[in-house]
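Residue numbers (this note's numbering): 64 to 713. Have a look at the structure below, then the notes.
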Ligand code: WT7
């Protein structure tokens with residue numbers, strides 16, 4: 064990490080976007096129409112009157128009944144467009160299916176095995192309506208929760224939209240999460256219905272999703288029905304009266320379904336993300352503000368136009384997929400690629416071949432992938448024609464300048480600006496991000512999106528310049544989360560308690576002399592493994608749930624490819640032999656409990672863990688020891704000898 068920080072601190076290069084791209088960009092045209100000369104004037108006007116900006120953009124969407132108030136801000140509670148009548152699905156789908164985009168392709172789907180499907184807005188509309196009618200038939204009503212556990216197949220966005228259409232709340236669980244993780248989330252949401260699939264392929268291997276679900280479904284008391292997509296038509300157990308195949312359910316359903324007229328502040332979805340305790344946080348987003356925020360950033364950050372072929376490689380199971388594979392692109396009427404497969408399968412040319420095949424113009428991915436392809440070498444992208452690309456994006460973790468340069472040169476051909484977008488599950492939309500008109504510094508996420516005030520503070524709340532501190536957001540934005548599901552207290556404690564009325568992001572950032580933001584990573588006990596947020600506590604509790612384990616401490620070990628890897632120190636029950644084989648067993652256990660992304664790369668057995676006198680595990684000290692840094696003052700520890708123990712385990 065320190066090499067990385069060093070590189071960031073010394074990065075001075077600036078890259079300007081091509082003149083033609085700037086001239087043609089949505090943001091430049093929008094400013095021209097309003098006589099705004101440049102970026103600084105835009106920011107000034109937005110700071111003076113943020114509601115003016117959001118009102119203008121909200122007007123580009125359809126409202127069943129107009130709002131009269133734009134923002135009501137009673138920190139930490141924001142309401143946007145609250146008295147407007149709205150449904151995001153009307154904007155993402157209905158209006159396109161009934162207008163000139165009717166036969167425009169919404170999704171080009173490709174499976175790992177090379178299968179392809181294309182769905183127009185009209186196709187999507189009819190499928191969504193059929194499922195929405197079926198859900199109503201099953202008794203799903205406004206406000207009911209539906210858990211969705213599907214791979215990256217068209218049925219995933221169809222399921223989300225069908226829920227939202229009838230005012231039900233979807234809670235998508237990433238298909239890479241396994242049984243226990245799914246169970247926890249479905250119980251917390253109190254879902255009536257689960258929508259899942261038989262199986263899918265990853266790296267050629269068959270992943271049996273329905274079988275995984277079967278191991279926990281009986282522990283989720285609220286579940287009434289399980290809808291199963293026969294994606295690969297593999298053998299599955301169907302429980303009489305509870306389980307139903309998607310195709311059987313949709314047979315004969317009407318292709319029209321009234322879209323529920325909702326309030327803008329009605330809940331659209333719950334998406335779980337890792338917090339510092341083992342219990343995931345249910346982040347709540349609403350219809351109106353979320354639609355306006357994702358649409359606006361699609362338009363101004365990704366510069367989306369009707370002739371674009373847009374590809375965000377994120378899985379829909381994460382917020383990036385919710386905002387920038389499903390809602391943002393559909394509201395903008397875009398054509399997107401949906402790929403269900405590993406990025407380097409069957410070979411490292413897969414993504415580049417797809418960019419060439421479909422003529423992708425905007426490509427949004429994660430630094431961990433860029434670094435992986437860097438390792439595979441330039442040969443793979445060079446074998447393909449990537450000249451259709453005009454804009455690149457990055458998200459999920461800080462992109463180191465070397466990876467930025469590689470991406471810029473080898474994928475973007477030095478002509479595509481990189482939008483390094485900083486945001487979170489909680490923010491719902493890009494917060495710190497360049498626009499296509501911005502001069503870029505490799506490794507910096509540029510500056511806050513128009514109207515948003517972000518800052519870096521010391522512990523006392525003073526603004527810092529040139530040094531690292533707490534990254535905070537001082538003004539509300541439309542797509543911000545409204546609360547944590549059924550956990551108001553945690554909402555306030557986690558985000559709004561350190562500094563009054565200021566949103567604490569949990570990241571460390573630095574603002575340089577030109578006002579550019581440099582994000583340095585999390586400041587809490589959350590790991591960022593290949594762009595995925597994983598809480599140390601969640602992995603620890605999975606380890607401790609194994610019958611041979613007494614206690615565990617999990618820390619992040621810096622890794623060139625993944626950003627961080629998971630390292631676990633484990634105390635075994637008495638008389639259990641610490642064998643190599645047992646390490647494998649524990650890794651497999653975590654994998655089964657949470658999913659492949661949470662599997663520890665390192666496991667060390669110890670007799671003791673360094674703790675404070677109040678019994679808190681000192682992960683900071685464990686981490687320092689792990690990466691060979693000075694562990695600092697250990698005098699506050701109850702058991703300083705435990706630090707030497709760690710050494711033996713490595
Ligand atoms: C955390 C949020 C919404 C993006 C997908 C992850 C890190 C995200 C960047 C970036 C540096 C980034 C932060 C943030 N992060 N984007 N461009 N540069 N760090 O969403 O799972 O809610 O994780 O991802 O640490 O807090 P998430």
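Backbone N, C-alpha and C fix where the C-beta goes; we use that ideal spot for every residue, glycine too.
Taking the continuous beta strand (DSSP E) assigned at residue i, which residues delimit it?
i: residue 248; result: Element bounds for residue 248: not the beta strand (DSSP E) but the alpha helix (DSSP H), 242-252.
i: residue 308; result: 306-308
i: residue 608; result: Residue 608 -> no beta strand (DSSP E), and no H or E assigned at all.
i: residue 350; result: That residue, residue 350, is in no beta strand (DSSP E); its alpha helix (DSSP H) goes 350-363.
i: residue 255; result: Looking at the DSSP string, residue 255 is not in any beta strand (DSSP E), and its letter there is neither H nor E.
i: residue 94; result: Here residue 94 belongs to no beta strand (DSSP E); instead the alpha helix (DSSP H) covers 89-96.
i: residue 552; result: Not the beta strand (DSSP E): residue 552 falls in the alpha helix (DSSP H), residues 551-558.
i: residue 631; result: 626-635
i: residue 385; result: Neither: residue 385 is in no beta strand (DSSP E) and is coded neither H nor E.
Pull up the CB-CB distance for residue i and residue j, whole angstroms please, since I reckon it's below 8 Å.
i: residue 80; j: residue 499; result: 6 Å
i: residue 569; j: residue 587; result: 5 Å
i: residue 244; j: residue 658; result: 6 Å
i: residue 582; j: residue 527; result: Contact doesn't hold; Cβ gap of about 14 Å is too wide.
i: residue 537; j: residue 516; result: 4 Å
i: residue 714; j: residue 376; result: Nothing can be reported for residue 714, as the shown portion of the chain is limited to 64 through 713.
i: residue 143; j: residue 327; result: 7 Å
i: residue 508; j: residue 485; result: 4 Å
i: residue 712; j: residue 663; result: In fact, because the Cβ distance is near 13 Å, the residues do not count as touching under 8 Å.
Check each candidate in the options and name the one with the smallest Cα separation from residue i.
i: residue 426; options: 404, 452, 578; result: 452
i: residue 76; options: 468, 379, 354; result: 468
i: residue 416; options: 492, 98, 532, 446; result: 446
i: residue 170; options: 502, 176, 155; result: 155
i: residue 212; options: 235, 590, 449, 667; result: 235
i: residue 714; options: 497, 602, 605, 594; result: Coverage of the chain is limited to positions 64 through 713, which leaves residue 714 absent and any answer about it impossible.
i: residue 292; options: 609, 322, 261; result: 261
i: residue 324; options: 350, 561, 688; result: 350
i: residue 309; options: 378, 218, 189; result: 218
i: residue 284; options: 313, 301, 254, 267; result: 254
i: residue 593; options: 615, 115, 619; result: 619
i: residue 185; options: 168, 639, 551; result: 168
i: residue 704; options: 363, 429, 680, 671; result: 671
Residue i to residue j, Cα distance in whole Å?
i: residue 319; j: residue 187; result: 12 Å
i: residue 272; j: residue 677; result: 42 Å
i: residue 576; j: residue 559; result: 28 Å
i: residue 692; j: residue 684; result: 9 Å
i: residue 404; j: residue 265; result: 6 Å
i: residue 476; j: residue 82; result: 16 Å
i: residue 133; j: residue 646; result: 55 Å
i: residue 64; j: residue 621; result: Any reading at residue 64 must be qualified, since the residue scores a pLDDT of 46, below 50, and its modelled position is unreliable; no value is offered.
i: residue 589; j: residue 166; result: 44 Å
i: residue 178; j: residue 220; result: 18 Å
i: residue 439; j: residue 411; result: 7 Å
i: residue 478; j: residue 603; result: 45 Å
i: residue 413; j: residue 407; result: 6 Å
i: residue 608; j: residue 454; result: 46 Å
i: residue 352; j: residue 643; result: 52 Å
i: residue 521; j: residue 460; result: 22 Å
i: residue 289; j: residue 249; result: 12 Å
i: residue 514; j: residue 137; result: 18 Å
i: residue 656; j: residue 242; result: 6 Å
i: residue 491; j: residue 307; result: 33 Å
What span of residues does the alpha helix (DSSP H) with residue i cover, start to end?
i: residue 431; result: 430-439
i: residue 583; result: Taken as a continuous stretch (DSSP letters only), residue 583 belongs to no alpha helix (DSSP H), being part of the beta strand (DSSP E) at 580-585.
i: residue 204; result: Per DSSP, residue 204 belongs to no alpha helix (DSSP H) and is neither H nor E.
i: residue 196; result: 184-200
i: residue 421; result: 413-421
i: residue 443; result: 442-445
i: residue 652; result: 643-656
i: residue 221; result: 218-228
i: residue 275; result: 272-277
i: residue 469; result: 464-469
i: residue 102; result: 102-111
i: residue 265; result: Element bounds for residue 265: not the alpha helix (DSSP H) but the beta strand (DSSP E), 263-265.
i: residue 706; result: 704-712
i: residue 494; result: Per DSSP, residue 494 belongs to no alpha helix (DSSP H) and is neither H nor E.
i: residue 290; result: From DSSP, residue 290 is part of no alpha helix (DSSP H) but of the beta strand (DSSP E) over 288-292.
i: residue 678; result: Residue 678 -> no alpha helix (DSSP H), and no H or E assigned at all.
i: residue 334; result: Run containing residue 334: none in the alpha helix (DSSP H); it sits in the beta strand (DSSP E), 330-336.
i: residue 394; result: 391-394
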